[in-house]
Ligand SMILES: C[S@@+](CC[C@H](N)C(=O)[O-])C[C@H]1O[C@@H](n2cnc3c(N)ncnc32)[C@H](O)[C@@H]1O
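Residue numbers (the numbering used here): 1 to 279.
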């Protein structure tokens with residue numbers, strides 16, 4: 001970590017009790033640059049001095065590290081693969097195993113767009129396949145406010161830019177520019193709070209035992225330093241079936257490739273674990 005960044009991290013901890021040591025250096029640098037431009041500080045040193053004297057700026061800086069942006073069908077290519085390859089494959093596999101349940105976990109679901117996108121796909125794919133297999137979707141986030149918003153299932157138009165008109169008409173009730181998830185789809189998702197870095201908890205309690213066929217861990221790994229990314233990936237691996245699928249954000253593909261996962265379809269951000277990396 002650069003000295004100036006280290007000084008900011010130390011100042012935040014010693015003066016305001018805010019621990020930012022888990023965040024990746026490049027993410028912290030980017031966040032400092034953004035706040036510098038908002039506050040008109042020319043150098044990192046100026047910003048450090050500004051922080052020293054302004055508690056409200058320390059709060060704003062820490063808040064700026066909590067990025068919960070999400071949208072429906074965020075990475076369209078990934079969702080196309082899930083719709084056309086992953087879900088049909090799982091249905092077939094479960095049929096052959098005479099297993100009646102598919103288990104999916106959205107592990108940093110923010111305000112629910114990812115989990116509801118999966119529920120929409122499942123509804124369409126299972127209907128087309130005339131499948132009687134059930135799909136249980138668990139969705140968790142460390143932020144309780146995000147989970148409360150997800151449970152309400154009420155969204156602004158901006159989050160729907162990648163959602164087809166057919167899906168908007170089928171899965172939302174619309175009032176002016178406010179779109180509410182229909183009750184049937186809401187029931188499909190079980191939302192709860194879960195911190196992926198909580199050393200005490202192995203799996204989301206609602207799911208009881210983990211053992212997921214698909215885990216979404218999208219757009220959170222890159223915020224963290226490598227040692228924390230590894231802790232999160234260990235937790236994910238522990239909860240993923242041996243032949244299960246891990247879905248990441250587009251920018252996190254290289255991170256998981258370095259951690260014994262192989263990408264199943266080109267540029268899809270859909271991975272399987274390499275069970276015996278050295279074998
Ligand atoms: C940018 S959002 C990603 C939302 C969604 N997965 C997507 O890709 O659109 C990142 C989310 O990760 C959550 N998060 C950050 N650290 C976490 C942790 N240790 N455990 C669980 N969730 C975490 C944040 O609260 C935030 O809602």
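Just so you know, even glycine gets a beta-carbon here, dropped at the ideal spot from N, CA and C. Here the structure is a predicted model, which means the values were calculated and not measured.
Does the Cβ-Cβ distance between residue i and residue j come in under 9 Å?
i	j	result
residue 249	residue 74	yes
residue 72	residue 117	yes
residue 51	residue 57	yes
residue 108	residue 218	yes
residue 220	residue 208	no
residue 177	residue 205	no
residue 240	residue 212	yes
residue 266	residue 103	no
residue 225	residue 21	yes
residue 255	residue 222	yes
residue 210	residue 153	no
Which of the three DSSP states is assigned to residue i in this structure?
i	result
residue 56	helix
residue 274	coil
residue 242	strand
residue 214	strand
residue 133	coil
residue 280	As shown, the chain starts at 1 and ends at 279. That puts residue 280 outside it, with no answer to give.
residue 83	helix
residue 254	helix
Counting C-beta neighbours from all protein chains within 10 Å, is the total for residue i 16 or more, i.e. buried, or is it exposed?
i	result
residue 201	exposed
residue 174	exposed
residue 32	buried
residue 141	buried
residue 13	exposed
residue 181	buried
residue 114	buried
residue 40	exposed
residue 189	buried
residue 45	exposed
residue 171	buried
residue 165	exposed
residue 127	exposed
residue 86	buried
residue 10	exposed
If you drop the 5 nearest sequence neighbours on each side, which residues of the same chain put their C-beta closer than 6 Å to that of residue i?
i	result
residue 167	120
residue 36	47
residue 194	140, 204
residue 235	196
residue 169	none
residue 191	139, 147, 150, 151
residue 179	155, 172
For residue i, which residues from the same chain have a beta carbon less than 8 Å from its beta carbon, with the 5 sequence-adjacent residues on both sides left out?
i	result
residue 88	125, 129
residue 261	246, 271, 272, 273, 274
residue 110	68, 69, 70, 141, 143, 146, 150
residue 83	121, 124, 125
residue 356	Outside the modelled stretch of the chain, which goes from 1 to 279, sits residue 356, for which no answer is possible.
residue 230	259
residue 25	1, 2, 5, 225
residue 91	102, 125, 126, 129, 131, 133
For residue i, which residues of its own chain have a beta-carbon under 7 Å away from its beta-carbon, when the five flanking residues on both sides are left out?
i	result
residue 269	75, 78, 247, 248, 249, 250, 253
residue 55	16
residue 18	12, 58, 62
residue 29	5
residue 7	48
Are any of the Cβ atoms in chain C nearer than 9 Å to that of residue i?
i	result
residue 144	You won't find chain C in this structure, because it holds only one protein chain.
Cβ-heavy atom distance between residue i and ligand 3 below 8 Å?
i	result
residue 74	In the structure on display, ligand 3 does not appear, and the ligands it does have are ligand 1.
Uninterrupted beta strand (DSSP E) stretches inside the region 135-210 (no shorter than 3 residues): For the region 135-210, whole beta strand (DSSP E) runs of length 3 or above, ordered along the chain, are 154-156, 172-175, 178-181, 189-193.
Which runs of the beta strand (DSSP E), 3 residues or longer, sit entirely within the region 9-79? Taking only runs of at least 3 residues, no beta strand (DSSP E) segment lies wholly in the region 9-79.
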